[in-house]
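Colleague:
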Amino acid sequence: MPIAILSATHRPHSYTRRIALYVARRLEAKDYTYQFIDFQALPREFLFSDLFGERSERFLPMIEALAQCSSWIWVVPEYNGSFPGVVKVFIDALPREVFRGKRAGLIGVSDGRFGNLRGLEHLMGILHYCGMEVAPFRAHLMRIQSHWNEEEGRPASVLEEEIETFLERFLPAPITA
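Going by our numbering, the first residue of the sequence shown is number 2, and it counts up by one from there.
Structure below.
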């Protein structure tokens with residue numbers, strides 16, 4: 002089964018998206034398949050349709066992709082001491098059965114000192130409520146702007162190590178023949 006990678010902000014040119022794409026490259030290098038869910042691609046109408054029982058045709062493929070993934074990696078920026086409001090709207094718009102029995106891994110991104118520690122705690126509580134198992138180890142990527150190598154399109158080595166540790170602890174063992 003593929004792993005979902007959620008770039009959990011609709012902010013253009015975000016470090017969150019850069020980290021999510023870096024995680025995708027790391028999964029490819031480890032021979033895992035994934036579905037990339039980019040919140041920048043969320044249909045604008047989902048706020049007014051999918052929250053209230055209607056299904057927009059443009060949101061349905063995201064729901065179907067997530068339903069096929071047994072594990073979700075949430076890459077979440079810090080907004081005002083928590084996570085972006087679009088994350089909560091996204092969660093509220095999804096049918097509950099999409100969450101149940103799935104495993105979530107959390108990566109926090111911030112330019113501050115704690116790598117969205119508080120926001121990931123908030124998100125963990127909501128995901129538990131929705132029926133997801135949340136992995137105990139979370140990656141906290143702090144001071145992201147000064148720890149990003151723009152030329153190479155990757156984080157500084159200290160953050161690469163944090164991501165690798167997260168992946169080692171979160172990913173299922175590869176299936177060998």
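Backbone N, C-alpha and C fix where the C-beta goes; we use that ideal spot for every residue, glycine too.
Keep in mind it's a predicted model, so treat the numbers as computed, not measured.
Please state if the CB of residue 145 and the CB of residue 16 are separated by a distance shorter than 7 Å.
Modeller: For residue 16 and residue 145, yes; Cβs fall inside 7 Å.
Colleague: The beta strand (DSSP E) with residue 35 in it runs from where to where?
Modeller: 35 to 39
Colleague: Need the endpoints of the alpha helix (DSSP H) that residue 101 sits in, please.
Modeller: Counted as a single uninterrupted DSSP element, the stretch harbouring residue 101 is not any alpha helix (DSSP H), since DSSP gives it neither H nor E.
Colleague: Pick out whichever of 159, 24, 173, 70 has its Cα sitting closest to the Cα of residue 1.
Modeller: Coverage of the chain is limited to positions 2 through 178, which leaves residue 1 absent and any answer about it impossible.
Colleague: List in chain order: all unbroken beta strand (DSSP E) runs of 3+ residues lying wholly within the stretch 63 to 131.
Modeller: 72 to 78, 104 to 110
Colleague: Could you check if residue 36 is buried or exposed, using at least 16 other CB atoms within 10 Å of its CB as the buried criterion?
Modeller: Under a 10 Å Cβ-count criterion, residue 36 is classified as buried, with 16 or more other Cβ atoms of the shown protein chains found around its own Cβ.
Colleague: Mind the definition here: the stretch 108 to 124 touches the stretch 38 to 52 only if three or more C-beta pairs lie below 8 Å; say whether that holds.
Modeller: Judged by Cβ distances under 8 Å, the stretch 108 to 124 makes no contact with the stretch 38 to 52, as fewer than three pairs qualify.
Colleague: Decide if the stretch 119 to 129 is in contact with the stretch 84 to 95; the criterion is three or more beta carbon pairs, one per stretch, under 8 Å apart.
Modeller: yes
Colleague: Any idea if residue 135 is buried or exposed, counting beta-carbon neighbours within 10 angstroms, 16 or more meaning buried?
Modeller: buried
Colleague: Just verifying my parser: in three-state terms, what is the DSSP assignment at residue 14?
Modeller: In the structure shown, residue 14 adopts coil according to DSSP, grouped into three states.
Colleague: With distances taken Cα to Cα, identify the nearest neighbour of residue 138 among 74, 150, 100.
Modeller: 74
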